[in-house]
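**Student:** Chains as they are written, first to last, in my numbering: chain D, 1 to 337; chain F, 1001 to 1337.
Beta carbons: idealized from backbone N, C-alpha and C, even for Gly.
Got a structure for you, questions after.
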């Protein structure tokens, strides 16, 4: 029988600590690759990239590559370069996202686009993206290249899809899940899957790790979308209500809109159009979200996807790696409480 | 003895027509790949990409891949997909460039960022870039992947370098050549070189085609930089003086500044800082450029690089392909006249 999320209880809140401890020495090697390969003769590149890369991110995606490799008892070091490639793709995406959203705060720090301007963020993102492919080519696995080039295209597709869904309060739950499946979960899935490729495991194990990462990624994003309405800038490292003011139609909004009165629906439509962006409007939105159970049900959906992620690990042997990967899911879905 | 540029004279101005005729049927195949692979379930992607891709570009870079493959009598079709990948990289770069420069006109049409906004241009650029890597992975040559991922990183590096040189009138001629070698010539070189890879030629031939493309690319950019000061919007498809108003320090500016009086130097410094952006200022800049011979010497430099491109073909046998590639150089350096 596979583990269930509610049974993960070590007498402390679930955390990423076991996973971080599991991969600590590998992560040092990955960090060395990252620092080495973000260098350039053009000083603005390491300066800008370093601001974000050294800026306190959890390194969630490369950590997953490393932990999955540990799950498979992979004895080599190829995954260090590939985990760095995954982090470069993610960093490039963040740089471009912040330009697209006009964000001014990330992880509690001013964003690169605010400090160095949009042009520099766009171009350094392009550099990191290219550099990630150079790292993959050096590794030399066409299978890994296929997985990550596909993930990159899917991410960009998801981002464009999200852009065109922006301010459209009638966005369906299905389309929303398509969007987060692409923009967030695809890279989680790929980060996990490539561990099976370097460990030369069969396709069933590849697909199991893909499913783990994909479901974890969806759970992660669902919780992020809930947190936007319940956190404050201090805990989240970005402003509360950012998505709300940007007119991002996330699951909490979709559920509250669907369940609301005619008056509530009008409020959500106006809010997503950008006509209700005051602090009082945000407070009203939070009231509606609670009254309709939209936040609770978003978090319940996150737990369902989290359980699928845990289930996907069912075929792998018990041990520290599986425990850490399982607790990472519990951490992901528990963050909003 | 290799051909010399001044001896290319068919009783008509040099043109790309022979190269276009040479590769016409191959280009149809490339266009089919481009149209097929810019599709997506997210409608904005083909809409935006199609605006630029169908927007009357010369397809210079994929044409070079095709013509070089013809030079080597390559009998296969692998280069169709790879030429499309090259065009996707170029298109992604153009989309991002127009965001970075805030351009509103390209090839005589409104730019994508003006029609659909900067966010869409950034994200569709990312999609095309990812798609180009998917195409390369499908081809399966790690050597091609290495050449093009390296070219992509070098292009991005060159773009950031150009961004940080912007408005710096003291930029050296050496740094300027570094910038255009990276942002323009690297993809010309890669586009030519990959033809030798698919045709399975030796490294000497790879490097010869690389040198042809690189020198052609530099010549091409030098002439573009000169044209910015002498063309009008009708012939160039973009506004005359765009680089001047953006504070882009190109070779004509570097030469005119270096050769100018103290008063002229002050003018150029102010102009690059953006304080001299009127039509009268542009006219004064044009007067100074002519008086100092800066335009003539920029075009002379283009001819020197063009001659090197022609020389790089010296080892290949005579024939229609070599004639077409040689005339393409003559066309590139003759455009400003």
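Within a Cβ cutoff of 7 Å, which residues of the same chain sit near residue 236 (chain D), ignoring the five residues on either side of it in sequence?
**Tutor:** Model confidence at residue 236 (chain D) stands at a pLDDT of 48, short of 50, so the residue's coordinates are unreliable and nothing is read from them.
**Student:** So residue 1119 (chain F) contacts chain D; which residues on that side make the cut at Cβ distance below 7 Å?
**Tutor:** Under the 7 Å cutoff, chain D gives 100, 163.
**Student:** If residue 194 (chain D) sits next to residue 65 (chain D), beta carbons under 8 Å apart, how far is it from one beta carbon to the other, in whole angstroms?
**Tutor:** Rounded, the Cβ-Cβ distance is 6 Å, consistent with contact.
**Student:** What does a CB cutoff of less than 7 Å around residue 301 (chain D) pick up in its chain, not counting 5 residues either side in sequence?
**Tutor:** Cβ within range, chain order: 222, 251.
**Student:** Using a Cβ distance threshold of 8 Å, determine whether the region 198-212 of chain D contacts the region 285-303 of chain D, with at least three qualifying pairs required.
**Tutor:** No, the region 198-212 of chain D does not touch the region 285-303 of chain D.
**Student:** Does any CB atom of chain F fall closer than 7 Å to the CB of residue 246 (chain D)?
**Tutor:** Closer than 7 Å: no.
**Student:** In terms of DSSP beta bridges, what is residue 109 (chain D) paired with?
**Tutor:** Paired residues: D:106.
**Student:** With a CB to CB cut of under 8 Å and the five nearest residues on each side skipped, what residues in its chain are close to residue 1054 (chain F)?
**Tutor:** Within the same chain, residue 1054 (chain F) has no close Cβ partners at all.
**Student:** Tell whether a beta-carbon distance below 7 Å holds between residue 1287 (chain F) and residue 1256 (chain F).
**Tutor:** Their beta carbons are not under 7 Å apart, which means residue 1287 (chain F) does not touch residue 1256 (chain F) by this criterion.
**Student:** The alpha helix (DSSP H) that contains residue 200 (chain D), what's its start and end?
**Tutor:** Neither: residue 200 (chain D) is in no alpha helix (DSSP H) and is coded neither H nor E.
**Student:** Per DSSP, what kind of secondary structure is residue 1269 (chain F) in: helix, strand or coil?
**Tutor:** Note: residue 1269 (chain F) maps to helix in three-state DSSP.
**Student:** So which residues on chain D does residue 1156 (chain F) lean against when the C-beta distance must stay under 7 Å?
**Tutor:** By Cβ distance, chain D contributes 123, 126, 127, 130.
**Student:** Give the straight-line distance between the Cα atoms of residue 1096 (chain F) and residue 1189 (chain F), rounded to the nearest whole angstrom.
**Tutor:** So the alpha carbons of these two residues sit roughly 21 Å apart.
**Student:** Does the beta carbon of residue 44 (chain D) come closer than 7 Å to any beta carbon on chain F?
**Tutor:** Answer yes: the Cβ-Cβ gap between residue 44 (chain D) and chain F drops below 7 Å somewhere.
**Student:** Taking the alpha carbon of residue 71 (chain D) as the point to measure from, which residue in D:22, D:330, D:274 has its own alpha carbon closest?
**Tutor:** Ranking the options by Cα distance to residue 71 (chain D), first place goes to D:22.
**Student:** Excluding the five sequence neighbours on either side, which residues of its own chain have a C-beta within less than 6 Å of the C-beta of residue 1159 (chain F), listed in chain order?
**Tutor:** Excluding sequence neighbours, residue 1159 (chain F) sits near 1183.
**Student:** Residue 153 (chain D) versus chain F: which residues are under 7 Å apart at the beta carbon?
**Tutor:** Here the neighbours are 1127, 1130, 1131, 1134.
**Student:** By the three-class DSSP mapping on this structure, what secondary structure does residue 39 (chain D) have?
**Tutor:** If DSSP states are grouped into helix, strand and coil, residue 39 (chain D) belongs with coil.
**Student:** Using a Cβ-Cβ distance under 7 Å, would residue 1340 (chain F) count as near chain D?
**Tutor:** This structure does not reach residue 1340 (chain F), given that chain F is present from 1001 up to 1337, and the question cannot be answered.
**Student:** Rounded to whole angstroms, what is the Cα-Cα separation between residue 1290 (chain F) and residue 242 (chain D)?
**Tutor:** Straight-line Cα distance between these residues: approximately 53 Å.
**Student:** Below 8 Å, can you find three or more Cβ-Cβ pairs linking the region 116-132 of chain D to the region 161-178 of chain D?
**Tutor:** Verdict: no, contact absent.
**Student:** Give a yes or no on whether the minimum CB-CB distance between residue 1096 (chain F) and chain D is below 7 Å.
**Tutor:** So yes, residue 1096 (chain F) belongs to the interface.
**Student:** Using a Cβ cut-off of 7 Å (strictly closer), state whether residue 55 (chain D) contacts chain F.
**Tutor:** It does not; no Cβ of chain F falls within 7 Å.
**Student:** Going by Cα to Cα distance, which pick from F:1248, F:1279, F:1284 is closest to residue 1263 (chain F)?
**Tutor:** The candidate whose alpha carbon is nearest that of residue 1263 (chain F) is F:1284.
**Student:** Helix, strand or coil: how does DSSP classify residue 1085 (chain F) here?
**Tutor:** In the structure shown, residue 1085 (chain F) sits in a helix (DSSP, three-state: H, G or I).
**Student:** Does DSSP classify residue 1141 (chain F) as helix, strand or coil?
**Tutor:** Residue state, collapsed to three classes: coil.
**Student:** Counting only the same chain and skipping the five closest in sequence on each side, list residues whose C-beta sits under 6 Å from that of residue 234 (chain D).
**Tutor:** Reliability of the predicted coordinates at residue 234 (chain D) is poor, the pLDDT of 48 falling under 50, and the value obtained from them is presented with this limitation in mind. Cβ within range, chain order: n/a, list empty.
**Student:** Do you know offhand how far residue 1330 (chain F)'s Cα is from residue 1249 (chain F)'s?
**Tutor:** Each residue's alpha carbon lies about 25 Å from the other.
**Student:** With a threshold of 6 Å on Cβ separation, who are the neighbours of residue 170 (chain D) within its own chain once the five nearest residues in sequence on each side are excluded?
**Tutor:** Contacts found: none.
**Student:** Does the beta-carbon distance from residue 61 (chain D) to residue 191 (chain D) come in below 7 Å?
**Tutor:** A contact, by the Cβ cut-off of 7 Å.
**Student:** Considering residue 1249 (chain F), what are the terminal residues of the alpha helix (DSSP H) in which it resides?
**Tutor:** Here residue 1249 (chain F) belongs to no alpha helix (DSSP H), and DSSP marks it neither H nor E.
**Student:** Run the CB neighbour count on residue 280 (chain D), radius 10 Å, all protein chains shown included, and call it buried at 16 or more, exposed below.
**Tutor:** The residue is exposed, with fewer than 16 neighbouring Cβ atoms inside 10 Å.
**Student:** Indicate whether residue 1206 (chain F) and residue 1018 (chain F) have their beta-carbon atoms separated by less than 7 Å.
**Tutor:** Not a contact, by the Cβ cut-off of 7 Å.
**Student:** For residue 307 (chain D), count neighbouring Cβ atoms within 10 angstroms of its own Cβ and tell me buried if that reaches 16, exposed if not.
**Tutor:** Classification for residue 307 (chain D): buried.
**Student:** Whose CA, out of F:1074, F:1050, F:1043, lies closest to the CA of residue 1201 (chain F)?
**Tutor:** With distances taken between Cα atoms, residue 1201 (chain F) lies closest to F:1074.
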